[in-house]
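Visitor: Structure in C-alpha cells, see below.
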DNA sequence: CCAAAAGTGTTGCGGCTACACCCATGC
DNA sequence: GCATGGGTGTAGCCGCAACACTTTTGG
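Chains as they are written, first to last, in the working numbering: chain A, 55 to 289; chain B, 55 to 289.
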C-alpha cells in the first residue's frame, strides 16, 4: 500500500565530522574516497542510509565501517539539502559530529582504513559541501562545549589539567589563565584527582585526573562555566 | 548517469513547529490532516520535499501553502529518521521551528486554512512522532532564547515591556522580577523607547518599545543575558 | 644548578539578586 | 477615591578576572 505514490524519493547520506585530540592539536578524521565521483579526493566519513536502519544507526554503522570506531560520542548536527550538492544525483545529507579519544584508534585507523587525522588548521579542500559541514561543526562544538562538558570525550580516561587546558584553548582558539582555569574546572566537581602523575610533559609531572562518572552523566545536560567569556564563540 | 544505483531512496518530509504569542499565551499552530493516513487527526504543518527544492525552500513553501505565512523566522531543528515513524512508507522528516507574530495572521489562518492556534499547555495527541518534535521544539526555543534575542520574532513591531516579560515567563515557565527584567532587557541596548503608550492592558498605559534593528541584526549571533539562571532550561 | 613546566591564593571590581514604594488613570 | 497595573533605585553579596611566586626534577 503506497499512499504517497506521487512523491519524489531521494538518497539520504550520513556524513560524520570526527574530531580527535592528541594532547596538542585538534584534528579531523578525513578519508580519501575510494569510489566515484571525486575518487581520491578528500572527504568526510560518509555513506548512504539503508532501508533497514535509522539515521543514528546509519551514522554508527558508517563510522564503524570506515574507521573501526565504535561507541564514541556521536551527535546529529544539521541536514544539508541543496538540490545540487551532489553532482551525480540529488542527495540529502544528515551530518553528525563525533568526538574521539585519538589514541585509542590512531594506528588502527591509518593501517586498516586509510583514513587520516588532519590538524584542523590544515584541512585540505573537501568534496561537495563538506567544507561547509566542517565550518558548522567547528561552531557547533564550540557552542556546545561552552555550556556542556563534552570535551572530555576527546580525552583518555586519565588526563592532566594542562592537557585539558590545551584542549579548551585549541577548541576556542584562545589562551586561558591556568589558575582561573583550574579553579573553574575543579569547581564543577566533575574531576577526581588521582595520586600519580604524568611525567611525559614535564620533569615535575602533572597529576592525573579522571571523570567522576556519576556527576558527569548527571550534569551532562546541565550548564557549566569553563569558558571565561562566551563571546569567544564569535568567529 | 546514476552511480548510486544500488542505494535506497526515501521520502523526505518537512515538519514545522510554529510558535505564536498573543500577548498572554504561547501557542502552537496545528492542523487537522485532510488526507490519509490519520485523516482528521491533529498534526504539525508538514509536507514532502520535492525534487526541485532545497530543504529550506520546502519548509517555506509548506508553511506558505498550509497557513499563508511568509517571511517568518524559520530555523532547521532536527531530522527524525526512525524506520517506522510513518506507518505507510518510510519517511525521513526534517523538522523546523517557526516564530510568528500571531496577530498578523490570526484571522487569515483560521478562515482560509483550517489551522488552529492551540495553547502549548493543551496540545492534543498528535500523529506519528510529532509529539516528540514538539517536545524538542520547546527545548530548542528555550535553549536558543536563553542566549539569543529570538523571542522578539514573536512580537509585533511595537510592544511593551510587560508583554515582553510575559512572553519570557511563558517560554521559560517561570516568573521574573520586573525591575530586574527591565534592567537586563534595556541593558542589551536592543530596544528603543517610544513616546506613546499602550493603554489596552492598564489604565496608566505602558510605553511602547521597538527593536533597534541595526543592533538586533548585529547582535543576533552574540550572547545576551535576559534569563537569570539558565538552569531553568532543565525541564 | 638551571631550565621548564606544575601548582597554588588573594584582592578588587562589576554585575546580579533581592526587595518596596510611588505613579497614572479609568471607573 | 480607589483599584489596577506600570514604572523606578539601591545595597549587599558573590563570582570572576587579574595577577606572581614557589616547587619539582631531569638533564
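Glycine included, C-beta positions come from ideal geometry on N, C-alpha and C.
Tell me the rounded alpha-carbon separation between residue 129 of chain B and residue 277 of chain B.
Guide: 18 Å
Visitor: Hey, does residue 58 of chain A have any beta-carbon neighbour from chain B nearer than 8 Å?
Guide: yes
Visitor: Express the C-alpha separation of residue 155 of chain A and residue 215 of chain A in angstroms, rounding to a whole number.
Guide: When rounded, the separation of the alpha-carbon atoms in residue 215 of chain A and residue 155 of chain A is 16 Å.
Visitor: Can you find a C-beta in chain A that's less than 8 Å from the C-beta of residue 132 of chain B?
Guide: yes
Visitor: On a Cα-Cα basis, can you pick out the residue from A:66, A:72, A:63, A:142 that is closest to residue 190 of chain A?
Guide: Among A:66, A:72, A:63, A:142, the Cα nearest to that of residue 190 of chain A belongs to A:72.
Visitor: Do you know whose CA, among B:263, B:253, B:244, B:251, lies nearest residue 271 of chain B's CA?
Guide: Nearest of B:263, B:253, B:244, B:251 to residue 271 of chain B, Cα basis: B:244.
Visitor: For a quick check, are the C-beta atoms of residue 203 of chain A and residue 279 of chain A less than 8 Å apart?
Guide: Residue 203 of chain A is not a Cβ neighbour of residue 279 of chain A, given a cutoff of 8 Å.
Visitor: Going by beta-carbon coordinates alone, are residue 264 of chain A and residue 211 of chain A separated by less than 8 Å?
Guide: yes
Visitor: Which residues bound the beta strand (DSSP E) around residue 93 of chain B?
Guide: In the DSSP assignment, residue 93 of chain B falls outside any beta strand (DSSP E), carrying neither H nor E.
Visitor: May I ask you to list the residues that DSSP assigns as paired with residue 170 of chain A?
Guide: Partner(s): A:84.
Visitor: At the level of alpha carbons, what is the spacing between residue 226 of chain B and residue 238 of chain B?
Guide: In a straight line, the C-alpha of residue 226 of chain B is about 16 Å away from that of residue 238 of chain B.
Visitor: Please return the same chain residues whose Cβ sits closer than 6 Å to the Cβ of residue 181 of chain B, not counting the five positions on each side in sequence.
Guide: 92, 95, 97
Visitor: Going along chain A in order, which residues have a C-beta closer than 9 Å to the C-beta of residue 146 of chain B?
Guide: The contacting residues are 64, 66, 103, 109, 133, 146, 148.
Visitor: In whole angstroms, give me the CA-to-CA distance for residue 143 of chain B and residue 65 of chain B.
Guide: 8 Å
Visitor: Which bits of chain A does residue 61 of chain B rub up against, with CB to CB less than 7 Å?
Guide: 65, 102
Visitor: Excluding five sequence neighbours on each side, which residues of the same chain lie with their C-beta closer than 6 Å to the C-beta of residue 224 of chain B?
Guide: 80
Visitor: Going by CA-CA distance only, name the one from B:201, B:260, B:141 that's closest to residue 90 of chain B.
Guide: B:141
Visitor: Check this for me: beta carbons of residue 117 of chain B and residue 131 of chain B, under 8 Å apart or not?
Guide: no
Visitor: Beta-carbon separation of residue 109 of chain B and residue 68 of chain B under 8 Å?
Guide: yes
Visitor: Mind pulling the chain A residues with CB within less than 8 Å of residue 106 of chain B?
Guide: 137
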